[in-house]
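Chemist: Line by line, the protein sequences are chains F and D. The numbering of the first sequence is our numbering, which starts it at 24 and goes up by one. The numbering of the second sequence is our numbering, which starts it at 24 and goes up by one. Just so it is clear, CB atoms sit at the ideal spot from N, CA and C, and this is done for glycine as well. Computed from a predicted model, the values in this text were never measured in an experiment.
2 protein chains.
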Amino acid sequence: MSPTAPASTSLRVWYDLTVAAGEDPAQKALDLALEQTVELPADLVAAEVLERAAGRVEEVAEGGPGRFRAAVAFPAEVWEGADAGTLLALLFGNASLQRGVRVAAVDWPPGLLQRPDLGPRCGIAGVRSACGVAARRPLLATALKPLGTPAADLARQAGLFARGGIDLIKDDHGLADPPGARFAERLARCQEAVAEANRQTGGSSLYVPHLTGPPAVLAERLAAARAAGCRGVLIEPLGRGLDTLGWIGDAGLFALAHPALTGAFFGPDHGIAPGVLLGQILRLAGADGVIYPHAGGRFAFSLEDCAAVENALRAPFGGSGAWRPAFPVPAGGLDLARLPGLLDRLGPDTILLIGGSLYREPDPVESSRRLAALLREWTW
Amino acid sequence: MSPTAPASTSLRVWYDLTVAAGEDPAQKALDLALEQTVELPADLVAAEVLERAAGRVEEVAEGGPGRFRAAVAFPAEVWEGADAGTLLALLFGNASLQRGVRVAAVDWPPGLLQRPDLGPRCGIAGVRSACGVAARRPLLATALKPLGTPAADLARQAGLFARGGIDLIKDDHGLADPPGARFAERLARCQEAVAEANRQTGGSSLYVPHLTGPPAVLAERLAAARAAGCRGVLIEPLGRGLDTLGWIGDAGLFALAHPALTGAFFGPDHGIAPGVLLGQILRLAGADGVIYPHAGGRFAFSLEDCAAVENALRAPFGGSGAWRPAFPVPAGGLDLARLPGLLDRLGPDTILLIGGSLYREPDPVESSRRLAALLREWTW
Numbered sequence: 024m025s026p027t028a029p030a031s032t033s034l035r036v037w038y039d040l041t042v043a044a045g046e047d048p049a050q051k052a053l054d055l056a057l058e059q060t061v062e063l064p065a066d067l068v069a070a071e072v073l074e075r076a077a078g079r080v081e082e083v084a085e086g087g088p089g090r091f092r093a094a095v096a097f098p099a100e101v102w103e104g105a106d107a108g109t110l111l112a113l114l115f116g117n118a119s120l121q122r123g124v125r126v127a128a129v130d131w132p133p134g135l136l137q138r139p140d141l142g143p144r145c146g147i148a149g150v151r152s153a154c155g156v157a158a159r160r161p162l163l164a165t166a167l168k169p170l171g172t173p174a175a176d177l178a179r180q181a182g183l184f185a186r187g188g189i190d191l192i193k194d195d196h197g198l199a200d201p202p203g204a205r206f207a208e209r210l211a212r213c214q215e216a217v218a219e220a221n222r223q224t225g226g227s228s229l230y231v232p233h234l235t236g237p238p239a240v241l242a243e244r245l246a247a248a249r250a251a252g253c254r255g256v257l258i259e260p261l262g263r264g265l266d267t268l269g270w271i272g273d274a275g276l277f278a279l280a281h282p283a284l285t286g287a288f289f290g291p292d293h294g295i296a297p298g299v300l301l302g303q304i305l306r307l308a309g310a311d312g313v314i315y316p317h318a319g320g321r322f323a324f325s326l327e328d329c330a331a332v333e334n335a336l337r338a339p340f341g342g343s344g345a346w347r348p349a350f351p352v353p354a355g356g357l358d359l360a361r362l363p364g365l366l367d368r369l370g371p372d373t374i375l376l377i378g379g380s381l382y383r384e385p386d387p388v389e390s391s392r393r394l395a396a397l398l399r400e401w402t403w
Numbered sequence: 024m025s026p027t028a029p030a031s032t033s034l035r036v037w038y039d040l041t042v043a044a045g046e047d048p049a050q051k052a053l054d055l056a057l058e059q060t061v062e063l064p065a066d067l068v069a070a071e072v073l074e075r076a077a078g079r080v081e082e083v084a085e086g087g088p089g090r091f092r093a094a095v096a097f098p099a100e101v102w103e104g105a106d107a108g109t110l111l112a113l114l115f116g117n118a119s120l121q122r123g124v125r126v127a128a129v130d131w132p133p134g135l136l137q138r139p140d141l142g143p144r145c146g147i148a149g150v151r152s153a154c155g156v157a158a159r160r161p162l163l164a165t166a167l168k169p170l171g172t173p174a175a176d177l178a179r180q181a182g183l184f185a186r187g188g189i190d191l192i193k194d195d196h197g198l199a200d201p202p203g204a205r206f207a208e209r210l211a212r213c214q215e216a217v218a219e220a221n222r223q224t225g226g227s228s229l230y231v232p233h234l235t236g237p238p239a240v241l242a243e244r245l246a247a248a249r250a251a252g253c254r255g256v257l258i259e260p261l262g263r264g265l266d267t268l269g270w271i272g273d274a275g276l277f278a279l280a281h282p283a284l285t286g287a288f289f290g291p292d293h294g295i296a297p298g299v300l301l302g303q304i305l306r307l308a309g310a311d312g313v314i315y316p317h318a319g320g321r322f323a324f325s326l327e328d329c330a331a332v333e334n335a336l337r338a339p340f341g342g343s344g345a346w347r348p349a350f351p352v353p354a355g356g357l358d359l360a361r362l363p364g365l366l367d368r369l370g371p372d373t374i375l376l377i378g379g380s381l382y383r384e385p386d387p388v389e390s391s392r393r394l395a396a397l398l399r400e401w402t403w
């Protein structure tokens, strides 16, 4: 076999480069390809090491005044067997400290797409099954809030939502381990309140606790959630480590990813495209569902950003054995009045996360019931 | 005690807000204070919960056209007992998904500064002691590179650096678990090569491996590094989880933090000031040394950014029992010719990380020796 990796074994990253006056785009692309791999000028690296490990600029094309798109191919040596954290650093680790570098798209090689230790462990089908939902319909989720509420009151609220037939009742992401609603007490109370409601209604709502804490505590809490009967948990992959997502899946629970901190990467000229970070990277890291701020809510996401995230989470990648599809979980101030249009656009493979809007309704049980019925009956 | 938290028990964050035409700065500050805590409009939150948990805008002052600085105080309910990941999300989690929000400064409450589970476990004194350096002088570090080099060759290189008297010989951060230099083989070979050099020279150089992998693998590798006799490890806190830093310290090793991905947060109008993220937050999370791109190298850091990071890592915080100081580790293309000026500015509580410049020298042992001698003899 030739030491030159054929194109199909390369991981190709498409970078948008913004070039300052006097800066040479070809040089900027080459510096980037070296910075993300060997971290030395080419003249200090042996030829066979450059061949084996250095990023290779495949093309640089002008896209507008001072804007260029560069394709950089990374050989197997730098991504084979790599965990999600290492792959994210390969794409943008040191590059983050430069200026005017944005990851626009990635071509993932078959060698990554087929790895059983990457991608969602449950995926859309697994989460549906955990929720006891056989029909191909959107799932309905809500958040327990606000932070500052005692655990007993959060549990009471969880019970009401379960009685209303909401599929997934998750902790608000601000709920870590606050004095008024410690994780252990919250887990026990909320899980019991939802189980009690299920016994009364014959439903199968799930309580989804938020996992936080340093590594040892995180592992204890995951074990506690599992022992309490939870089927999935919420986690912030940028705060806790990208690879906690797959680790949760390996423990037999589904992982909902929260987008806290990810917005730091969404600069117009510097960062990572939302579809790549929230879609492809969180999916490869093992998220079974990814929460993202839907357009028209209280965050600065466009419809185009949303569509890119949704597509990256659901699109088939590679052949058989490739990453399972994951649920898009639109959130961030969804307006109940706009729900019909949203449902038409989003389709059935969606988890609708309705938080604040439900808290505005006078009767949460009744409002939840109406929403749940709407999702059950919607046709496309 | 009044339910209103006195000012000294609040965590105060100073945000720079960039306000679009028609946007009200006071409203933007209030929305931010609620978004980072209760995640509901104030009219949907009970008064006692607002009092206990919501962020409170203390002031909003104009700082220029369209620019405002807002002070937001967060009550104990939202930070007491919180791990570093939760604190970072409190400062900027959902705010990252907005536009024009930059964390400029933080006043940490005594209740956080005194917590034994935060802050460096070894600190500057502990790392010096691990290196067997009694004198108050800068430590000298270098990186094993490039990625793509077989483990045996990296080990040979490590032995040369150790013979030259370099205190800390760390993996390049691109070295995760590549096929040509798997972690286990690299650890065994590099550690042995450095130990052998120490036996020959009577020196006490340390090999500092880079820890990567999903949580279970990360724990195995930390245990392996410890068993092999390593005294510290390198980690990327944004890829692996902020709280892996303190977890490494709790295992009795020092933690060097790599800045991969952190640059995503350094937008001029949106993000976190470098001194806060690389300095205060990584120090509170438990970094004993923080690598950062020094001004004048190949990254876009100003001298002012550097000084802010250095000050935040070394400055005394709070009283006795407060976070230990941590080493600034300037890197990113330090030029040997500019070393005297750098040493004068940086002072003795510094780890100088000289990577690429050493690889340019014809004789790495001799060059390392000259550098080590320079640091031993420098006086301030």
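For the stretch 192-221 of chain D, which residues have a beta carbon sitting closer than 8 Å to at least one beta carbon of chain F?
Modeler: Those residues of the stretch 192-221 of chain D that come within reach of chain F (Cβ to Cβ, closer than 8 Å) are D195, H196, G197, A199, D200, P201, P202, G203.
Chemist: I want to verify the contact list: residues of chain D whose CB lies under 7 Å from the CB of Y382(F), in sequence order.
Modeler: Simply L63, L67.
Chemist: Is it buried or exposed for L57(F), if we count other Cβ within 10 angstroms and need 16 for buried?
Modeler: The residue in question, L57(F), is buried, as its Cβ has 16 or more Cβ neighbours within 10 Å.
Chemist: Between V101(D) and L113(D), how many whole angstroms is the CB-CB distance? I'm expecting something under 8 Å.
Modeler: So it is a contact: roughly 6 Å between Cβ atoms.
Chemist: Roughly how many whole angstroms lie between the Cα atoms of A308(F) and D106(F)?
Modeler: Distance between the alpha carbons of A308(F) and D106(F) is about 8 Å.
Chemist: Compare the C-beta of F277(D) against all C-beta atoms of chain F and say whether one is closer than 7 Å.
Modeler: No, its Cβ sits nowhere closer than 7 Å to a Cβ of chain F.
Chemist: What does R179(D) touch in chain F if you count any residue whose Cβ is under 8 Å from its own?
Modeler: Near R179(D) there are no residues of chain F at all, since even the closest Cβ is about 13 Å away, more than 8 Å.
Chemist: Take V68(F) and list the residues in its own chain whose beta-carbon comes closer than 6 Å to its own, dropping the five residues that flank it on each side.
Modeler: Contacts found: V61.
Chemist: Can you list the residues of chain D that V72(F) reaches, using a CB-CB cut of under 7 Å?
Modeler: Residues of chain D passing the Cβ test: P169, G171, T172.
Chemist: Relative to chain B, which residues along the stretch 110-135 of chain F have a C-beta separation below 8 Å, given in chain order?
Modeler: Here chain B cannot be found, since the structure's protein chains are F and D.
Chemist: Does any residue of chain F bring its CB to less than 7 Å from the CB of P238(D)?
Modeler: Cβ-Cβ to chain F under 7 Å: yes for P238(D).
Chemist: Which runs of the beta strand (DSSP E), 3 residues or longer, sit entirely within the stretch 141-229 of chain D?
Modeler: Counting whole runs of 3 or more residues, the stretch 141-229 of chain D contains the beta strand (DSSP E) stretches 162-167, 191-194.
Chemist: In terms of residue numbering, what span does the beta strand (DSSP E) encompassing F277(F) cover?
Modeler: From DSSP, the beta strand (DSSP E) with F277(F) extends over 277-280.
Chemist: According to a CB-to-CB cut-off of less than 8 Å, which residues of the stretch 243-270 of chain F neighbour chain D?
Modeler: Those would be E259, L261, G262, R263, G264, L265, D266, T267, G269, W270, in chain order.
Chemist: What did DSSP end up calling P29(F) once you bin it into helix, strand or coil?
Modeler: Confidence at P29(F) is low in this model, with a pLDDT of 43, below 50, so the placement of that residue should be treated as unreliable; the coordinate-derived value is given next. Correct three-state label for P29(F): coil.
Chemist: Quick one: does D106(D) have its CB under 7 Å from some CB of chain F?
Modeler: Cβ-Cβ to chain F under 7 Å: yes for D106(D).
Chemist: Using only the alpha-carbon positions, how far apart do M24(F) and A318(F) sit?
Modeler: Residue placement at M24(F) cannot be trusted, given a pLDDT of 34 that sits under 50; what the coordinates show is reported in the next sentence. Answer to the nearest angstrom: the Cα atoms are 49 Å apart.
Chemist: State the Cα-Cα distance for the pair A220(D) and E327(D), rounded to the nearest angstrom.
Modeler: Distance between the alpha carbons of A220(D) and E327(D) is about 39 Å.
Chemist: Is there a C-beta anywhere in chain D that falls below 7 Å from the one on A379(F)?
Modeler: A small fix is needed here, since residue 379(F) is Gly in this sequence, not Ala. Judged by the 7 Å Cβ criterion, G379(F) is in contact with chain D.
Chemist: Please report whether the beta-carbon of P29(F) lies at a distance below 7 Å from any beta-carbon of chain D.
Modeler: Confidence is the limiting factor: at P29(F) the pLDDT is only 43, short of 50, which leaves the residue's position unreliable, though a coordinate-based value still follows. It does not: the Cβ of P29(F) has no partner Cβ on chain D nearer than 7 Å.
Chemist: Does DSSP put P238(D) in a helix, a strand or coil?
Modeler: Residue state, collapsed to three classes: helix.
Chemist: To the nearest angstrom, report how far apart N455(F) and L397(F) are at their CA atoms.
Modeler: Absent from the structure is residue 455(F), since the part of chain F shown begins at 24 and ends at 403.
Chemist: Using a cut-off of 8 Å between C-beta atoms, extract the partners of R75(D) located in chain F.
Modeler: What R75(D) touches in chain F: G171, G203.
Chemist: According to DSSP, is L265(F) helix, strand or coil?
Modeler: Coil.
Chemist: What separation, rounded to the nearest whole angstrom, lies between the Cα atoms of P88(D) and A49(D)?
Modeler: One C-alpha to the other measures close to 15 Å.
Chemist: Quick one: give me the first and last residue of the alpha helix (DSSP H) that A17(F) is part of.
Modeler: The first residue shown for chain F is 24 and the last is 403, placing residue 17(F) beyond what the model contains.
Chemist: What do you get for G259(F), buried or exposed, if any count of 16 or more other CB atoms within 10 angstroms of its CB means buried?
Modeler: This sequence places Glu at residue 259(F); Gly is not what is there. Buried, by the Cβ-count rule.
Chemist: Take I189(F) and list the residues in its own chain whose beta-carbon comes closer than 8 Å to its own, dropping the five residues that flank it on each side.
Modeler: Hits under 8 Å: L163, A164, T165, S228, S391, L394, A395.
Chemist: Kindly say whether T373(F), judged by its beta-carbon, lies nearer than 7 Å to any beta-carbon of chain D.
Modeler: It does not; no Cβ of chain D falls within 7 Å.
Chemist: Tell me the DSSP bridge mates of V231(F)?
Modeler: K193(F).
Chemist: Sort G255(F), L245(F), A247(F), P237(F) by Cα distance to G264(F) and report the nearest one.
Modeler: For the residues G255(F), L245(F), A247(F), P237(F), the minimum Cα distance to G264(F) belongs to P237(F).
Chemist: How would you write the range of the alpha helix (DSSP H) that R35(F) sits in, first residue to last?
Modeler: Taken as a continuous stretch (DSSP letters only), R35(F) belongs to no alpha helix (DSSP H), being part of the beta strand (DSSP E) at 34-41.
Chemist: Listed in chain order, which residues of the stretch 308-331 of chain D have Cβ atoms closer than 8 Å to some Cβ of chain F?
Modeler: If the cut-off is 8 Å between Cβ atoms, the stretch 308-331 of chain D has P316, R321, F322, A323, F324 near chain F.
Chemist: Kindly provide the ranges of any alpha helix (DSSP H) runs that are 4 or more residues long and lie completely inside the stretch 50-114 of chain F, ordered along the chain.
Modeler: For the stretch 50-114 of chain F, whole alpha helix (DSSP H) runs of length 4 or above, ordered along the chain, are 70-76, 99-102.
Chemist: Would you give the residue range spanned by the alpha helix (DSSP H) that G364(D) belongs to?
Modeler: Element bounds for G364(D): 362-369.
Chemist: P282(D) touches chain F at which residues, Cβ-Cβ below 9 Å?
Modeler: Going along chain F in sequence order, the residues near P282(D) (Cβ under 9 Å) are G116, N117, S119, L120.
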